[in-house]
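Colleague: The following block contains the structure, expressed as structure tokens.
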Amino acid sequence: MNTDDIERYDPLTIEPPIAARWRDERAYSLTPRPSADRGEGDETYYALTMFPYPSGDLHMGHAEIFSIHDALVRHLRMTGKRVLNPIGWDAFGLPAENAARNRGADPRGWTYANIDEQAATIARLGYSFDWDTVLRTCDPEYYRWTQWLFLELLDAGLAYRREALVNHCSSCGTVLANEQVIDGVCDRCGTVVERRPLTQWFFRITDYADELLDDLDTIDWADRVKNAQRAWIGRSEGAEVTFRTADAAGKAEDIVVYTTRPDTLYGATYFVFAPEHPLVAARMGDDPDYQAYREAVGRRSEIERLSSFDSDAGGGRAKRGFRLDFDIVNPVTDEAIPAYAADYVLMDYGTGAIMAVPAHDQRDFDFARQEDLEVRVVVQPQDGEPLDGATMAEAYAGDGTTVNSGVYDGLDWRETKERITADLEAKGLARATVNFRLRDWLISRQRSWGAPIPIVHCPSCGEVPVPAEDLPVELPDDLDFQVQGSPLALHPTWQHDVVCPACGSEDARRDTDTMDTFVDSSWYFLRYLAPQDDTRAWPVDAANVWLPVDQYTGGVEHATLHLLYSRFVVKAMRDRGHLAADEPFQALLNQGQVILGGAAMSKSKDNLVVPGEVYETYGADTLRGTLLFASAPEDDIDWADVSPAGMNKWLARLWRLSLEHLAREAAGTAEDHDADGVRKATARAVVGVSEDMAARKYNTAIAKLMTLTNAVLDATRDGSGGPAVREALTTLVTMLAPICPFVTEELWARFGQDGSVHDQPWPRADTDLLVEHEVVVVVQVDGKVRGRVRVPSGADQDTVVAAAHADESVAGHLDGRDVARVVLVPDRLVNLVLGG
RNA sequence: GCUCCGGUAACCCAACUGGCAGAGGUGGGGGUCUCAAACACCCUUCAGUGCGGGUUCGAAUCCCGCCCGGAGCACCA
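So the mapping is simple: the numbering used here equals the position in the first sequence, first residue as 1, plus 338.
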């Protein structure tokens, strides 16, 4: 056959009309919409991918995750699942404000233009999202319910306002978000950022700390993500111990510390307060040296915290201390020990004060050496050189026996820990407690492209929630982004254009902060159930059926923020009766990154590969196939190692084989010369690809489809090919459909098949074809391969051993010696172990 | 320092629950086609699995100790 007569594979011509049709016809919209009715029993499936942030067009990372997600979704549909597959945009955030400030753009217009661009690319690439679910978090119809969520949490006592240290830039006259502070300076003007106390809104996520930790065991997430959350939550068990200032009777004050090692109390040779501790401020506030110290620490701490360290431990960081003019009494030794303020003690962990045990804590040890304080060993390791506080080079935090601790000497340190805690508890001086590293979630942002916090401040009523029926509290559309400070707070009328909902006072004003954008994204998966519902945030009955999300896909960079916040919100809403699930996302798949030459791609490095370069040259199918073939979904893809040209070549080959076959049929010459071989190859591919698709190993699924292609190529090389080849090709096209939806749709039509290939049931293999009557069994002698024998499948040990003995090369290695033991792996291998 | 992931052919990547190390691709070499080239097609090339121990009839796979690379967390008492 003359290949010149065959129409070339031309994806740039065949793909766009199909893409447009799918989008215009809403080909992948779920009907009926989600409701309490599961429809067909357990066949419903909620597939979710992290919604994009619209800061320009899609990048390669989006293309990767969407290609993985779409293969998963299309495959599930073909296996009979009813799949909810929504899309939306995480549309509030700082880049829109920056565009407004730097280029005079309108944040709303800028955002919507980017969304349109991304939506067009998504459609062009054939991702089968349900376009009837689209939501944007910056729409008033959406953030109305974000504000409702805030009021729910407020009503539940899970939202509260308190003073907190925040980043403040004196030059810009505004508070900054953590992301706006780069290496301790304002990213706008370069001024060193100060930490200032300001009153801010928090969500009480710490109320759920234990449950957030424990329920990690119930969800199917990668260990690294779970571990990141465990570390972030940071549960520790210890005791609160009461110390006392060394003052005359009557004047002494109690001061409580938290420690995980109450067994080392006898080794506490000094005492440290956080610099801003209220007891210190009360006693030292007038001391000019102390004031200077505090100022220096406050100014520098942020820079220190954000700078990197090449030290061998956290203790390598310089510690700035200040000797206070009073002492503290150690409750077990009754000694007066010196008190310090030092910046290595944090005000917002534990009680903001510690007992320092330099012999057994590296940070305390470093500080003690620096200040020349006593290092007293109270735990001796079981073996090795005994520790000497005067000469030891580092703290010892390992196991050991208690020493220098009165009646507790000689006990294992764990035993000492329990006994000391119990003894002090009996005297009212201690209490066993659990502590968490997790802090409450600060959600106030001094920004203007976000959901306004629905609170009115009234001079007589205080903080008054905006009544639910008055939501949304809408952003004004005439913000001036050129002002120094928060445009919303500096808007001439917005905050005053309100009366107190409680008393009607005209002096009331709106809260001018907006919510952290992570609040927007902490519940969007619930809104997808009914994005147009203007009577409630989500339908409770549908939520009870569809939550948790069956499969969530997205980047691992959200391990401790978005994923933790969403879990908190679901648990809180559950406790308010708005849904039944304990967790938002039952299974999580984290895709790898797309990198280039071993380094992350970025605009600043000018090493960006964008999806357009690929799909405008080779088409969307090649882009999708390339990304899925490059590696397993979880692994990184180095673009330097992949070959879109190779993927394109394979698709072109499949195209050519298909059209050649159709030409044979048209010419009436379609006959198989090896029908059995082709059918067997087809059945083998169906079995293998089905397994791989179910396990989401798209790279090996594609390899097996290539193998089948090669088998068809071999079978048709002589120009023959009949029904078996047609079956092989249509089956191949069906199985490739989730990965390369366009070329498969086109070929499906060319093969004269009805409907869309994407509506076909997933192929089943004729496994009878795969039953072998004879198998080749590998023969090992003492574990080394010495030959192969052909035996009937299912042959028993005697038969196989007899066949092995009959094999010349095997017999040579047996050398007449006795076989002491036979290990048989049926139909695969036999190992003859010779006697001593 | 702690946690997680990875290390197999020139390169990327496979190998079910321990059972013949190779499915697939890239690249290299040779060839067919062509006036020539590109494309396409055909043939071919290439590792004993990072290192050292151990368990086992048998280890890329399991265990222990290292080395290298990547990611995350780190003054949390």
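No residue lacks a Cβ here, since even glycine has one placed at the ideal position from N, Cα and C. Note that the structure is a prediction, hence the values are computed from the model and not measured.
1. Given that a residue counts as buried once 16 or more other Cβ atoms are within 10 Å of its Cβ, and exposed if not, what is Thr1054?
2. Sorted by chain position, which residues of the same chain lie with C-beta nearer than 6 angstroms to Leu946's C-beta, five sequence neighbours on each side aside?
3. Measuring only the C-alpha atoms, how far is Gly823 from Tyr391?
4. Assuming Val311 and Val1016 form a contact by the criterion Cβ under 8 angstroms, report the distance between their Cβ atoms to the nearest whole angstrom.
5. Exposed or buried, what is Ala983 when buried is set at 16 or more other beta-carbons lying within 10 Å of its beta-carbon?
6. Do Gln538 and Ala566 count as a contact pair if the criterion is CB distance below 8 angstroms?
7. Is Met388 helix, strand or coil by DSSP?
8. Could you give the first and the last residue of the continuous beta strand (DSSP E) run that contains Thr583?
9. Enumerate in chain order the residues of its own chain whose CB-to-CB distance from Val1095 is below 7 angstroms, with the five nearest sequence positions on each side excluded.
10. List the residues that DSSP assigns as beta-bridge partners of Leu780.
11. Expressed to the nearest angstrom, what Euclidean distance is found between the alpha-carbon atoms of Ser981 and Thr964?
12. DSSP three-state label for Leu711, please.
13. Of the residues Gly1154, Thr771, Ala694, Leu926, which one's Cα is nearest the Cα of Ala733?
14. If you follow the alpha helix (DSSP H) that Ile675 is part of, which residue opens it and which one closes it?
15. With DSSP as the reference, label Gly984 as helix, strand or coil.
16. May I have the straight-line CA-CA distance separating Arg752 from Leu926, to the nearest angstrom?
17. Cβ of Val811 within 8 angstroms of Cβ of Arg848?
18. Which same chain residues end up closer than 6 angstroms to Ser649 when comparing Cβ atoms and leaving out the 5 residues on each side of it in sequence?
19. In the DSSP assignment, what are the bridge partners of Gln1175?
20. Leaving aside the five residues before and after Leu489 along the sequence, list all residues of the same chain whose C-beta is less than 7 angstroms from its C-beta, in chain order.
21. For Asp816 versus Phe430, is the C-beta spacing smaller than 8 angstroms?
22. Where does the unbroken beta strand (DSSP E) through Glu801 begin, and where does it stop?
23. What residue from Leu554, Ile543, Cys507, Asp552 has the CA that sits closest to Val531's CA?
24. CB Ala612 to CB Leu711, shorter than 8 angstroms?
25. Nearest-angstrom Cα distance between Tyr604 and Asn668?
26. Once DSSP output is grouped into helix, strand and coil, what is the label at Ala1001?
27. On the CB-based measure, 16 or more other CB atoms within 10 Å of its CB, does Val1109 come out buried or exposed?
28. Cα separation between Ala970 and Glu479?
29. DSSP on Lys1122, reduced to helix/strand/coil?
30. Tell me whether His335 sits in a helix, a strand or coil according to DSSP, three-state version.
31. Between which two residues does the beta strand (DSSP E) carrying Asp470 extend?
32. Roughly how far, in whole angstroms, is the beta-carbon of Ile1040 from the beta-carbon of Phe967, given that I think they are within contact range, below 8 angstroms?
33. Return the chain-ordered list of same chain residues with a C-beta closer than 7 angstroms to the C-beta of Leu899, the five sequence neighbours on each side being excluded.
34. What residue does the beta strand (DSSP E) around Ile933 start on, and which one ends it?
35. According to DSSP, is Leu396 part of a helix, a strand, or is it coil?
36. Is the segment 1101-1120 in contact with the segment 1163-1171, if contact means three or more CB pairs nearer than 8 angstroms?
Modeller: In brief:
1. By the 10 Å Cβ count, Thr1054 comes out buried.
2. Met939
3. 24 angstroms
4. Because the chain spans 339 through 1174 in this model, residue 311 falls outside it and cannot be assessed.
5. Residue burial annotation: Ala983 is exposed, with fewer than 16 other C-beta atoms found within 10 angstroms of its C-beta.
6. no
7. coil
8. 574-583
9. Taken in chain order, the residues that qualify are Val1071, Thr1072, Ala1075, Thr1082, Glu1083, Trp1086.
10. Phe540
11. 7 angstroms
12. coil
13. Ala694
14. No alpha helix (DSSP H) holds Ile675; the beta strand (DSSP E) holding it covers 674-680.
15. DSSP places Gly984 in helix when its eight states are reduced to three.
16. 38 angstroms
17. Yes, these two residues count as a Cβ contact at 8 angstroms.
18. Caution is warranted here: a pLDDT of 36 is assigned to Ser649, below 50, making its placement in the model unreliable, and the coordinate value is therefore given only provisionally. Same-chain partners within the cutoff: there are none.
19. The structure shown does not extend to residue 1175, since the chain is modelled only from 339 to 1174, so the question has no answer here.
20. Excluding sequence neighbours, Leu489 sits near Pro792, Pro803, Ala806.
21. no
22. Annotation for Glu801: the continuous beta strand (DSSP E) segment containing it runs 800-803.
23. Per the C-alpha coordinates, the member of Leu554, Ile543, Cys507, Asp552 positioned closest to Val531 is Cys507.
24. no
25. 8 angstroms
26. The DSSP-derived three-state label of Ala1001 is helix.
27. exposed
28. 39 angstroms
29. strand
30. For residue 335 there is no data in the structure shown, the boundaries of the chain being 339 and 1174.
31. 468-474
32. Rounded, the Cβ-Cβ distance is 5 angstroms, consistent with contact.
33. Excluding positions up to five away in sequence, the list reads Phe856.
34. 932-934
35. coil
36. These segments touch.
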